[in-house]
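Here's the structure we're looking at; comments come further down.
Protein chains in written order, with our numbering: chain X, 320 to 627; chain C, 3 to 222.
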């Protein structure tokens with residue numbers, strides 16, 4: 320069922336973020352520095368984005384042998400069960416081990432780092448397959464590779480802003496407020512994916528990339544603010560309070576996502592004559608258009624209390 | 003609210019005369035509004051009607067979990083919308099991250115064992131619900147999204163078959179007909195007769211209603 324696909328996949332996009340918190344707290348990601356939880360978020364969202372982008376070009380949702388909704392989630396609950404049996408301190412509180420790399424670089428490694436790094440490695444392998452298939456399909460359909468890659472640019476921009484903000488932030492936003500930070504970015508990610516899926520469902524590709532960038536508007540401000548504090552300001556103080564920016568980004572992203580989700584739900588259900596959360600039927604919009612002979616039909620259902 | 007497509011179409015045709023562009027004087031006082039599509043254009047709406055979902059799943063562990071998913075979808079009633087299944091899965095994961103926030107706001111505090119086990123259970127349930135919602139589509143939107151064999155096991159199908167057999171048996175006994183085939187001639191010529199008969203015989207109002215809906219739709 321068609322709107323089910325949109326609902327299912329955008330819920331999955333949100334789950335990528337919410338699961339990051341559950342796994343991050345399980346593997347004690349905060350102990351190894353603030354970047355570990357960002358890596359965990361990337362492990363969830365990156366393959367998801369690539370799989371959605373591939374579906375956009377090939378028209379087929381392809382889940383490879385090792386995929387997120389089956390094997391990835393299985394790995395998560397196995398991790399959590401084993402942690403519960405063995406003990407969190409024994410398993411994830413070990414270390415840090417000091418590793419000396421060539422070039423006199425010292426690393427202090429914790430188990431969470433190893434966990435996140437192996438996830439990144441798996442995501443990389445997954446990405447190569449998706450990238451190859453997506454680019455081949457785009458070429459076969461007469462789209463340029465440049466345009467196909469440009470559809471990935473909002474996600475790349477999102478990740479770049481996330482990494483830059485958390486690296487330059489004077490107050491270490493990823494360490495002090497990981498939940499608020501990633502909730503905002505997770506909503507932005509879900510918005511991007513919902514746009515991509517809707518464009519695929521409706522075969523409407525004009526102004527897609529512009530619409531996707533619109534949800535990232537607060538991020539340049541935040542990154543610029545952090546960069547100013549880091550590189551320009553003598554006292555290391557940012558222009559705008561980082562906490563306020565963090566909450567602004569979170570609220571803005573949530574507002575954009577919820578508004579978009581409600582509009583899309585209204586449009587699709589009215590057009591197909593269904594409801595989102597019940598099995599009842601109403602007169603579909605396409606039928607009303609046929610009957611009235613107008614471009615805009617007249618709303619057939621009289622039950623105003625039931626919008627979705 | 004009209005329950006069936008046919009009834010809804012009939013109601014609309016009665017309320018809105020053809021070519022009436024104003025169409026705001028509704029019989030029961032409701033002001034009718036034109037549908038405003040904010041996110042999907044003309045071309046997109048036309049494409050929506052043609053769209054067909056296709057997926058390839060080469061997952062390793064999915065075949066081992068299939069028996070569980072098949073059992074779980076039997077537990078979910080057929081009147082539950084598939085999107086409700088998906089959204090409740092999301093709610094479970096949100097609950098999981100809320101637990102994480104309460105016990106470890108900076109992701110560095112050790113969690114109690116029950117929270118770890120709850121995380122695992124919630125993710126597992128989410129995975130199950132996520133896999134089951136596709137099966138629920140086939141179950142809830144029977145028979146348009148289901149195969150013939152799975153349609154036979156559907157509760158709505160059983161709800162139709164059982165009273166139909168009862169009414170056939172009643173007819174055969176009353177008329178002294180030679181068999182159920184002879185009795186079913188009445189149903190072919192007069193669908194209202196079978197409905198009336200069913201309404202008088204069937205003790206379950208839900209079954210009667212679903213059967214009447216089918217008659218109205220022209221399915222029986």
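C-beta: ideal position from N, C-alpha, C; glycine also.
Predicted model only: the values in this text are computed from it and were never measured.
- Taken in chain order, the complete alpha helix (DSSP H) segments of 4 residues or longer contained in the region 427 to 487 of chain X are 430 to 459, 464 to 469 and 472 to 487.
- Collapsing the DSSP output to three states places residue 532 of chain X in a helix.
- In terms of Cβ geometry, residue 82 of chain C and residue 131 of chain C do not form a close pair [threshold 8 angstroms].
- In summary, residue 62 of chain C is exposed, with fewer than 16 beta-carbon neighbours lying within 10 Å of its beta-carbon over all protein chains present.
- For residue 419 of chain X, the enclosing beta strand (DSSP E) stretches over residues 416 to 420.
- Between the region 66 to 81 of chain C and the region 100 to 113 of chain C, the count of C-beta pairs closer than 8 angstroms stays below three; the two stretches do not touch.
- In the DSSP assignment, residue 382 of chain X falls within the beta strand (DSSP E) that extends over 380 to 382.
- The beta carbon of residue 346 of chain X sits closer than 6 angstroms to the beta carbons of 411, 431 and 434 from its chain, once the five residues preceding and following it are set aside; these are given in chain order.
- Residue 168 of chain C sits in a helix when the DSSP states are folded into three classes.
- Across the region 369 to 393 of chain X, CB contacts with chain C closer than 9 angstroms involve 374, 378, 379, 380, 381, 382, 383, 384, 385, 386, 388, 389, 390, 392 and 393, in sequence order along the chain.
- Counting other Cβ atoms within 10 Å of its Cβ, residue 141 of chain C reaches 16 or more and is therefore classed as buried.
- When secondary structure is reduced to three states using DSSP, residue 516 of chain X falls in the helix class.
- At a cut-off of 8 angstroms between C-beta atoms, residue 544 of chain X does not count as an interface residue with respect to chain C.
- Cα atoms of residue 336 of chain X and residue 359 of chain X: separation of roughly 9 angstroms, rounded to the nearest angstrom.
- With distances taken between CA atoms, residue 376 of chain X lies nearest to X:457 out of X:457, X:408, X:428 and X:323.
- Beta-bridge pairing by DSSP links residue 556 of chain X to no other residue.
- Distance from residue 569 of chain X to residue 503 of chain X at the Cβ level is roughly 4 angstroms; contact confirmed, criterion being Cβ atoms closer than 8 angstroms.
- Residue state for residue 346 of chain X is assigned as coil, using DSSP reduced to three classes.
- Less than 8 angstroms divides the Cβ of residue 414 of chain X from the Cβ of residue 429 of chain X.
- Residues of chain C with a Cβ closer than 9 angstroms to the Cβ of residue 396 of chain X are, in chain order, 121, 122, 123, 124, 125, 126 and 129.
- Shown here, residue 80 of chain C sits in coil according to DSSP, grouped into three states, outside any helix or strand.
- Spatial neighbours of residue 341 of chain X in its own chain (CB-CB distance under 7 angstroms, excluding positions within 5 residues in sequence) are not present.
- Burial of residue 521 of chain X is indicated by the presence of at least 16 other C-beta atoms within 10 angstroms of its C-beta.
- Chain X places no beta carbon closer than 8 angstroms to that of residue 71 of chain C, leaving this residue out of the contacts.
- In the structure shown, residue 110 of chain C falls within a coil segment according to DSSP collapsed to helix, strand and coil.
- Taking C-alpha positions only, residue 531 of chain X is separated from residue 91 of chain C by approximately 26 angstroms.
- For residue 595 of chain X, at least one C-beta of chain C is nearer than 8 angstroms to its own C-beta.
- Residue pairing for residue 57 of chain C: DSSP places it in a beta bridge opposite X:380.
- Around the Cβ of residue 440 of chain X, a 10 Å sphere holds fewer than 16 other Cβ atoms; the residue is exposed.
- With contacts defined as CB atoms closer than 8 angstroms, residue 594 of chain X and residue 602 of chain X fail to qualify as a contacting pair.
- Residues 509, 512, 513, 516 and 580 of the same chain have their beta carbon placed closer than 8 angstroms to that of residue 329 of chain X, with the five preceding and five following residues left out of the count.
- Within the DSSP secondary-structure output, residue 593 of chain X pairs in a beta bridge with X:600.
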